[in-house]
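A.B. asks:
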Amino acid sequence: MNSLATYRDYQVQRATLRDVWKIRQLEKLVFPQDAYPLLEIVMLILAPISRNFKMIAPNGDMAGFISGTVGTMGRPGWIITLGVNPKYQRKGLGRFLLQWCERELQAECIRLTVRAGNRAAYTLYAETGYTEVRRRRSYYRDGEDGIEMEKCLNPQPVLPSSPLPPAS
1 MNSLATYRDY QVQRATLRDV WKIRQLEKLV FPQDAYPLLE IVMLILAPIS RNFKMIAPNG
61 DMAGFISGTV GTMGRPGWII TLGVNPKYQR KGLGRFLLQW CERELQAECI RLTVRAGNRA
121 AYTLYAETGY TEVRRRRSYY RDGEDGIEME KCLNPQPVLP SSPLPPAS
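The sequence shown begins at 1 in this note's numbering and counts up by one.
1. Just to confirm the assignment: which complete alpha helix (DSSP H) runs, minimum length 4, are found wholly within the stretch 14-67?
2. Under 8 Å: do the stretch 98-107 and the stretch 67-77 share three or more Cβ pairs, one atom per stretch?
3. I'd like the list of long-range same chain contacts for Asn2, defined as Cβ closer than 6 Å, with 5 residues on each side in sequence excluded.
4. Over the uninterrupted alpha helix (DSSP H) stretch that includes Ala120, give me the two end residues.
5. Do Tyr7 and Ile56 have their C-beta atoms closer together than 8 Å?
6. Once the 5 residues before and after Ile45 are set aside, which same chain residues still bring their CB inside 7 Å of it?
7. Measuring only the C-alpha atoms, how far is Leu105 from Gly146?
8. Under 7 Å Cβ to Cβ from Ala63, same chain only, skipping five residues before and after it: list those, please.
9. Just to confirm before moving on: does the CB-CB distance between Arg134 and Glu148 stay below 8 Å?
10. How many angstroms separate the CA atom of Ala5 from the CA atom of Ala116?
11. Considering only DSSP beta bridges, list what Arg134 is partnered with.
12. Could you tell me how far apart the beta carbons of Glu150 and Tyr130 are, in whole angstroms, since I believe they sit closer than 8 Å?
13. Determine the burial state of Pro76: buried for a count of at least 16 other Cβ atoms within 10 Å of its Cβ, exposed for fewer.
14. Of the residues Asn154, Arg95, Ile79, Glu144, which one's Cα is nearest the Cα of Asn118?
15. Which residues bound the beta strand (DSSP E) around Leu82?
16. So the beta strand (DSSP E) Arg111 belongs to, where does it begin and stop?
17. With a threshold of 16 other CB atoms inside 10 Å of the CB of Glu27, please say whether the residue is buried or exposed.
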């Protein structure tokens with residue numbers, strides 16, 4: 001499969017239907033309480049507004065996965081899920097996948113939701129420019145809050161409310 005990008009010796013590739021089982025296994029490993037069901041992963045892969053990427057380790061393992069949706073009709077894009085296998089964490093792979101997906105979504109603003117207790121993920125998002133938009137009470141099945149965060153990549157310039165005076 002063609003690599004879209006390389007980070008160190010890791011390859012970023014488009015995720016396809018052939019990858020859904022491995023993505024599901026990675027989801028269960030990284031998010032034991034919140035893993036997306038297999039059918040939802042299939043729907044993400046098939047959705048025309050989704051952008052799905054996998055990170056392949058030098059040994060061929062799927063080291064990480066990210067899925068995002070393109071913003072449409074003025075709505076923000078969304079990072080749906082981002083997971084890195086624990087044995088490959090703390091190598092910058094999540095940051096690289098996040099930044100890659102942001103470019104691919106080509107949205108003015110991108111949002112995501114993170115567990116309030118997931119400090120590592122929250123820190124990654126904050127360090128890459130995401131800010132809190134709102135807290136979603138009891139967002140997760142176990143009652144934990146979700147924190148919705150947003151990053152505006154191409155903010156529109158603020159135009160003056162009245163025309164500028166002519167130059168003298």
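Heads up, the beta-carbon is just placed ideally off N, CA and C, and yes, glycines get one too.
C.D. replies: Let me spell this out:
1. If only uninterrupted alpha helix (DSSP H) runs of at least 4 residues are considered, those enclosed by the stretch 14-67 are 20-30, 38-46.
2. By the C-beta criterion, the stretch 98-107 is judged to be in contact with the stretch 67-77, since at least 3 inter-stretch pairs fall below 8 Å.
3. Taking the first residue of the sequence shown as position 1, residue 2 is located at position 2. Closer than 6 Å at the Cβ level, and outside the excluded window around Asn2, lies no residue.
4. Taking the sequence shown and counting its residues from 1, one reaches residue 120 at position 120. 119-127 is the span of the alpha helix (DSSP H), which, as asked, contains Ala120.
5. Start at 1 with the first residue of the sequence shown, and residue 7 comes out as number 7. Start at 1 with the first residue of the sequence shown, and residue 56 comes out as number 56. Going by beta carbons, Tyr7 and Ile56 fall outside the 8 Å limit.
6. Translated into the one-based positions of the sequence shown, residue 45 becomes position 45. Sequence-distant partners of Ile45 (beyond 5 residues in either direction) whose C-beta falls short of 7 Å from its own C-beta, in its chain, are Ala15, Thr16, Leu17, Val20, Asn52.
7. Position 105 of the sequence shown holds residue 105. Position 146 of the sequence shown holds residue 146. The alpha-carbon atoms of Leu105 and Gly146 are separated by roughly 23 Å.
8. Position 63 of the sequence shown, counted from the start, is the residue given in the question as residue 63. Contacts found: Tyr10, Met55, Ile56, Ala57, Val84, Asn85, Tyr88, Leu93.
9. Within the sequence shown, the letter at position 134 stands for residue 134. Within the sequence shown, the letter at position 148 stands for residue 148. Cβ atoms of Arg134 and Glu148: closer than 8 Å.
10. One-based indexing of the sequence shown puts residue 5 at position 5. One-based indexing of the sequence shown puts residue 116 at position 116. When rounded, the distance between both Cα atoms is 31 Å.
11. The residue labelled residue 134 in the question sits at position 134 within the sequence shown. Under DSSP, Arg134 shares a beta bridge with Glu148.
12. Reading the sequence shown from its first residue, position 150 is the one you call residue 150. Reading the sequence shown from its first residue, position 130 is the one you call residue 130. With 8 Å as the limit, Glu150 and Tyr130 qualify as a contact, their Cβ atoms being about 6 Å apart.
13. Locating residue 76 in the sequence shown gives position 76, where the first residue counts as 1. It is buried - the Cβ of Pro76 has at least 16 other Cβ atoms within 10 Å.
14. Mapped onto the sequence shown, residue 118 falls at position 118. Nearest C-alpha to Asn118 among Asn154, Arg95, Ile79, Glu144: Glu144.
15. As a first step, residue 82 must be located in the sequence shown, where it is residue number 82. Element bounds for Leu82: 77-84.
16. Within the sequence shown, residue 111 is the residue found at index 111, counting from 1. Taken as a continuous stretch (DSSP letters only), the beta strand (DSSP E) holding Arg111 covers 109-115.
17. The residue labelled residue 27 in the question sits at position 27 within the sequence shown. Label assigned to Glu27: buried.
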